[in-house]
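Single-structure report; data block below.
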Amino acid sequence: MPSLPWEARNLLESVLQRLLSLPDVAVYALIGGLAAVENVFPPVPADTAVGVGAFLSHRGSVVASAVFAITWTANVGAATAVYLAGRTLGRQFFRGRLGRRLLHPRRLRRMEQLYRRHGAWGIFLSRFIPGVRAVVPPFAGIAKLGAVRALVPMAMASGIWYGVLTYVVAKMAGQIEDVARLVAGLNWGAIVVALVLGGGIAWGIYVRWRARNTA
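Following our numbering, the numbering of the sequence shown begins with 693 at its first residue and continues without gaps.
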């Protein structure tokens, strides 16, 4: 594999040294905090932070299973809070002037219909896509999806994603620069798998719809 640019490598090394200087509790808190904030501010590099945390398990600083547990709990907890905020406040916001400019009421209705019809699968697959996963909880709340139908697929997807990420980095990252490569590769892989599965589900729905209308 090609080596990382020296700027990226130096940044990762700097982050690693700072984390190594922190107590274990502070490292766990930082990783969990970033995983939670990602649900509100997508540019937060939560995946990289989790990857670095998993890499630190090589040095005995933290435990990989604890990194996963804290990350998953924080991420699902924050997603739940954002979902509840969308359920209680979201519709009111999008009825205002700014909200109507950001999302036209007609598009909001279409989104609600889509979530109500295919919400669980849509939520599950979308939570694997970087950048997109952050908008899933609020719009699921705005669409008034039931808590079980919305939160269970969120929790499952987050568990699978962070479990795979933590395991792969902990097992395969021999150097700090490997973390960035593995995280990027897993993100692209998740996007491809989600799109393929989503396309398969959409095709199946179309086939059933066509069969009903041509019968």
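Every residue, glycine too, gets a C-beta built ideally from N, C-alpha and C.
**Asked** If we call anything under 8 Å between Cβ atoms a contact, is Val744 one with Tyr720?
**Response** As a position in the sequence shown, residue 744 is number 52, starting the count at 1. As a position in the sequence shown, residue 720 is number 28, starting the count at 1. Against a cut-off of 8 Å, the Cβ pair of Tyr720 and Val744 comes out as no contact.
**Request:** Could you tell me whether the stretch 768-785 touches the stretch 828-839, where touching means 3 or more Cβ pairs closer than 8 Å?
**Result:** yes
**Item:** Stretch pair the stretch 762-772 + the stretch 848-858: three plus CB contacts closer than 8 Å
**Value:** yes
**Message:** For Gln709, which residues in the same chain have their Cβ closer than 7 Å to its Cβ, ignoring the five residues on either side in sequence?
**Reply:** Your numbering for residue 709 matches position 17 in the sequence shown. Taken in chain order, the list of residues that qualify is empty.
**Asked** By a C-beta neighbour count over all protein chains shown, 10 Å radius and 16 as the cutoff for buried, is Trp764 buried or exposed?
**Response** Start at 1 with the first residue of the sequence shown, and residue 764 comes out as number 72. Trp764 comes out buried.
**Asked** Taking just the CA atoms, how far does Thr740 sit from Ala865?
**Response** In the sequence shown, counting from the first residue as 1, residue 865 sits at position 173. In the sequence shown, counting from the first residue as 1, residue 740 sits at position 48. Each residue's Cα considered, the two are about 13 Å apart.
**Item:** Residue from Gly833, Ala761, Arg798 with nearest C-alpha to Leu781
**Value:** Here residue 781 is taken as the residue at index 89 of the sequence shown, counted from 1. The candidate whose alpha carbon is nearest that of Leu781 is Gly833.
**Message:** If I measure Cβ to Cβ from Val875 and keep anything under 6 Å in the same chain, skipping five residues before and after, which residues do I get?
**Reply:** For the purposes of this step, residue 875 is taken as the residue at position 183 of the sequence shown. Cβ neighbours of Val875 beyond the five flanking positions: Asp739, Thr740, Gly743.
**Item:** Cβ neighbours of Ala746 in the same chain (closer than 6 Å, five flanking residues each side left out)
**Value:** For the purposes of this step, residue 746 is identified with residue 54 of the sequence shown, where counting begins at 1. These residues qualify, in order along the chain: Ala756, Val759, Thr858, Val861, Ala862.
**Request:** Between the Cα of Ala839 and those of Arg779, Arg751, Leu712, spot the shortest distance and give me the residue it belongs to.
**Result:** By one-based count along the sequence shown, residue 839 stands at place 147. For Ala839, the closest C-alpha among the options Arg779, Arg751, Leu712 is that of Arg779.
**Prompt:** For Ser706, does the three-state DSSP call read helix, strand or coil?
**Reply:** Counted from its first residue, the sequence shown places residue 706 at position 14. Residue state, collapsed to three classes: helix.
**Item:** Sequence-distant residues of the same chain with beta carbon closer than 7 Å to Met693, five excluded per side
**Value:** Here the question's residue 693 lines up with position 1 in the sequence shown. Summary for Met693: the model assigns pLDDT 45, below 50, so the residue's position carries little reliability; its value from the coordinates is reported in the next sentence. Cβ neighbours of Met693 beyond the five flanking positions: Arg873.
**Prompt:** Around the Cβ of Val871, are there at least 16 other Cβ atoms within 10 angstroms (buried) or fewer (exposed)?
**Reply:** Against the sequence shown, residue 871 aligns to sequence position 179. Classification of Val871: buried, given that the 10 Å Cβ count is 16 or more.
**Prompt:** What residues in its chain sit with their C-beta under 7 Å from that of Phe816, if we drop five residues either side in the sequence?
**Reply:** Here residue 816 is taken as the residue at index 124 of the sequence shown, counted from 1. Within its own chain, the residues whose Cβ lies closer than 7 Å to the Cβ of Phe816, once the five positions on either side in sequence are excluded, are Pro845, Met848, Ala849, listed in chain order.
**DSSP three-state assignment for Phe733, whether helix, strand or coil** = As a position in the sequence shown, residue 733 is number 41, starting the count at 1. Note: Phe733 maps to coil in three-state DSSP.
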